[in-house]
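Please read the structure below before turning to the comments.
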Amino acid sequence: MLRSIFSLLILIQSSLLFAQSDKPAVADMLTGVWETGSGKARVKIDKVGDVYTGKIVWLREPNNEEGKPKVDKNNPDENMRTKPLLGYKMLQNFVYAGDKVWEDGTIYDPESGSTYSCTITMTDDNTLDVRGYIGVTLFGRTDTWKRVMLKKK
Amino acid sequence: MFRYKLGITLILLNLTIVSTFAQETDTTEVEEDFSMYADAELADGSKRYCTFKVFDQSPNKLISVGYDFQTGYDFTFQNIQGNGSTTLKNRVNHGIRLGANVPVISTTSWLVNLGFSYWETHYDFENETAHPLAQALENSGLRTIGISGTIFKPLNEKNFVLTSFNADLNGDYTLPGFQDAGLTRISGTLVYGWKKHDRLLYGFGLSRSYRIGEANYLPVILYNYTFPSRKWGVEAIFPARANLRRTFNTRTIAMFGYELEGQTYRINQLTNNGIANAELRRSELRARITLERSLKDFLWVSFQAGFRYDWNINLDEGDRFRGFGDDAYRLENDLSNALYFNFSINLVSP
């Protein structure tokens, strides 16, 4: 009896270990560090629960004109205007819809303080078309993001 | 006994391992050392491209619904027979201005916008029957229906090419009559530019334009600059328009500058007065203050007030390039100057 329980546990554990070490699902290919089209920022996308979010992890110009770290000064919510831009979650709530498309999310533009509806399409393993739009996708703009590889120190 | 102890140990070990994996998939955020993201390179070595925007540039209008209004002024017409002139009071110019400018291709390496515009100008003369041109303008006003295209092609992080074209049908036609498509007037601009940094881009080029009321070829200087304080900036595509921009915040801006507006309008109603292929060369220099403010999110309102200076209002025959000579026009007319106001509601681009 004990041997049977033991075998079952080994089987379950092996399945878990195998699942962890398997190639990431297509949906998780979105995770990683990406550079925006302008090259002004890098965004790290992670899976949080069932959705994908992205936060700013690098800015080409990290400091404001006073030499202090940039904050989200354009946010319409006054309480957010002192929050540092580094670490700011600018992508929220993306859900994988299949065919390398993630949708139902939003993208925040710190330069204008505006939040747009957003769809992300992976055109190849290292390229994302990030389309922010207003209401319908026709009224929008696509920015092409490139995956970046961190150099090992 | 040993087997039982071994069994219990293995169970505990399994529970520990499963628990550990459960913790590893937990989404709790931890503090990150952001410096690790500075030293990185693009995964496939692909090129970076510059964008067309500088910091705090005024928003691009996707859809615009506006109304333009000019206060009264004197319109002096050269008489058709060429002897003397007739001055009539025009009480008001007014008309709607609709526009759309939608990106159809929008990637980092290509930006293609297509646009549509519809402008009306109505006249309200005192005693318009005193001159056939006044009668024509009073009857039908002037209309422009146009399509446009803009292509921005960044070559790398610093250089770009900008080209645009317009195809406009201008005249005293009424809807849905339109005009012969052969009367479409084509204008365009080609600029080669440099984006020096996030606050400065400039370029030089050439344009074929009707902004002085008739076809002309002019050099173009593009200059968009935001001062380090981010409170002031310049947005200019000289000589068509130039503005000094004051940014109060991301939702409120003011601009002080000018725009040269012009087209050549086919006036078919003068055919019966012995002027075949009559075209009104209309050009106005508008010095103005513009206030733009976001009402909510992407819905912006724009209000302009300024001075309208008459650049050209002569009548000619056909569409031709006169160069910079001073050949006589068929009718040489004149306007006194006026104040003008423009109000529009706009859906702006992300």
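Which chain is which? The protein sequence lines are Y and R, in order. Going by my numbering, the letters in the first sequence line up with residues 1 to 153, in that order. Going by my numbering, the letters in the second sequence line up with residues 154 to 503, in that order. In this text, a Cβ means the ideal position worked out from N, Cα and C, and glycines have one as well. Note that the coordinates shown come from a computational prediction; the quantities given were computed from them, not determined experimentally.
Among the residues of its own chain, which have a CB less than 6 Å from the CB of residue i, if the five just before and after it don't count?
i	result
D277 of chain R	R244 and V245
V33 of chain Y	R42, K44 and V148
T316 of chain R	I304 and L343
Q176 of chain R	Residue confidence for Q176 of chain R is low, a pLDDT of 39 falling below 50, so the modelled location carries little weight and cannot support an answer.
A407 of chain R	R399 and L444
F318 of chain R	G302 and G341
I300 of chain R	F269 and A320
R441 of chain R	Q457 and G459
H275 of chain R	H247, G248 and G294
G113 of chain Y	N74, N75 and P76
F474 of chain R	A368
Distance, Cα to Cα, residue i vs residue j?
i	j	result
I298 of chain R	Y271 of chain R	5 Å
E291 of chain R	L322 of chain R	19 Å
L336 of chain R	T82 of chain Y	58 Å
T405 of chain R	P212 of chain R	11 Å
D77 of chain Y	D450 of chain R	13 Å
V57 of chain Y	Q92 of chain Y	15 Å
G105 of chain Y	P307 of chain R	28 Å
N280 of chain R	S447 of chain R	43 Å
I374 of chain R	P392 of chain R	7 Å
Y96 of chain Y	K348 of chain R	36 Å
G478 of chain R	N266 of chain R	36 Å
Y202 of chain R	N126 of chain Y	16 Å
N396 of chain R	P503 of chain R	22 Å
W385 of chain R	D72 of chain Y	20 Å
K47 of chain Y	M122 of chain Y	16 Å
T327 of chain R	E412 of chain R	27 Å
R141 of chain Y	P256 of chain R	7 Å
I249 of chain R	E414 of chain R	15 Å
L295 of chain R	F139 of chain Y	30 Å
K509 of chain R	N254 of chain R	In the structure displayed, chain R extends from 154 to 503; residue 509 of chain R sits before or after that span and is not available.
T282 of chain R	S436 of chain R	24 Å
L264 of chain R	G37 of chain Y	12 Å
With a cut-off of 8 Å, does the C-beta of residue i fall near any C-beta of chain Y?
i	result
R399 of chain R	no
L195 of chain R	yes
F187 of chain R	yes
E445 of chain R	no
A283 of chain R	no
S497 of chain R	no
L215 of chain R	yes
L468 of chain R	no
Y190 of chain R	yes
D321 of chain R	no
V255 of chain R	yes
E310 of chain R	yes
S360 of chain R	no
Identify, in the order they occur along the chain, each residue of the same chain with its Cβ nearer than 7 Å to the Cβ of residue i, setting aside the five sequence neighbours on each side.
i	result
T137 of chain Y	T119 and R131
P62 of chain Y	P69, K70 and L86
S489 of chain R	Y226 and D227
At 9 Å on the CB atoms, spell out the chain Y contacts of residue i, in chain order.
i	result
F451 of chain R	S114, Y116, I134, G135 and F139
S502 of chain R	I134, F139, G140 and R141
S138 of chain R	Not covered by the structure: residue 138 of chain R. The range shown for chain R is 154 to 503.
For residue i, return the contacting residues in chain Y, with the cut-off set at a CB-CB distance below 7 Å.
i	result
T403 of chain R	N74, S112 and G113
R201 of chain R	G39
Taking 8 Å as the threshold (beta carbon to beta carbon), is residue i in contact with chain R?
i	result
W102 of chain Y	no
M149 of chain Y	yes
P91 of chain Y	Note that residue 91 of chain Y corresponds to Leu in the displayed sequence, not to Pro. False, the Cβ-Cβ gap to chain R never drops below 8 Å.
N63 of chain Y	no
T144 of chain Y	yes
R81 of chain Y	no
V26 of chain Y	no
V71 of chain Y	no
List the residues of chain R whose Cβ lies closer than 8 Å to the Cβ of residue i, in chain order.
i	result
D129 of chain Y	T260
D109 of chain Y	P503
Starting from residue i, find everything on chain R with Cβ-Cβ shorter than 7 Å and list it in chain order.
i	result
T31 of chain Y	Residues of chain R passing the Cβ test: none, with the nearest at roughly 12 Å.
L86 of chain Y	F187
Under 8 Å between beta-carbons, which chain Y residues line up against residue i? List them in chain order, please.
i	result
T204 of chain R	G37 and S38
Can you find the residues in the same chain that come closer than 8 Å, C-beta to C-beta, to residue i, ignoring five residues on each side of it along the sequence?
i	result
F230 of chain R	S238, T239, T240, L241, H284, L286, A287, L484 and N486
A193 of chain R	none
F380 of chain R	R352 and G386
Taking CB distances under 8 Å as the criterion, tell me whether residue i reaches chain C.
i	result
I339 of chain R	The structure shown contains no chain C; its protein chains are Y and R.
- prompt: Which whole runs of the beta strand (DSSP E) in the segment 447 to 491 of chain R are 3 residues long or more, in chain order?
  reply: 452 to 470
- prompt: Hey, which unbroken runs of the beta strand (DSSP E) at 3 residues or more fall wholly within the segment 258 to 338 of chain R?
  reply: 264 to 278, 295 to 307 and 312 to 324
- request: Starting from the N-terminal side, write out each stretch of the alpha helix (DSSP H) that is 4 residues or longer and does not extend beyond the segment 408 to 441 of chain R.
  value: none
Within the segment 170 to 256 of chain R, ranges of the alpha helix (DSSP H) (whole runs, at least 4 residues): none
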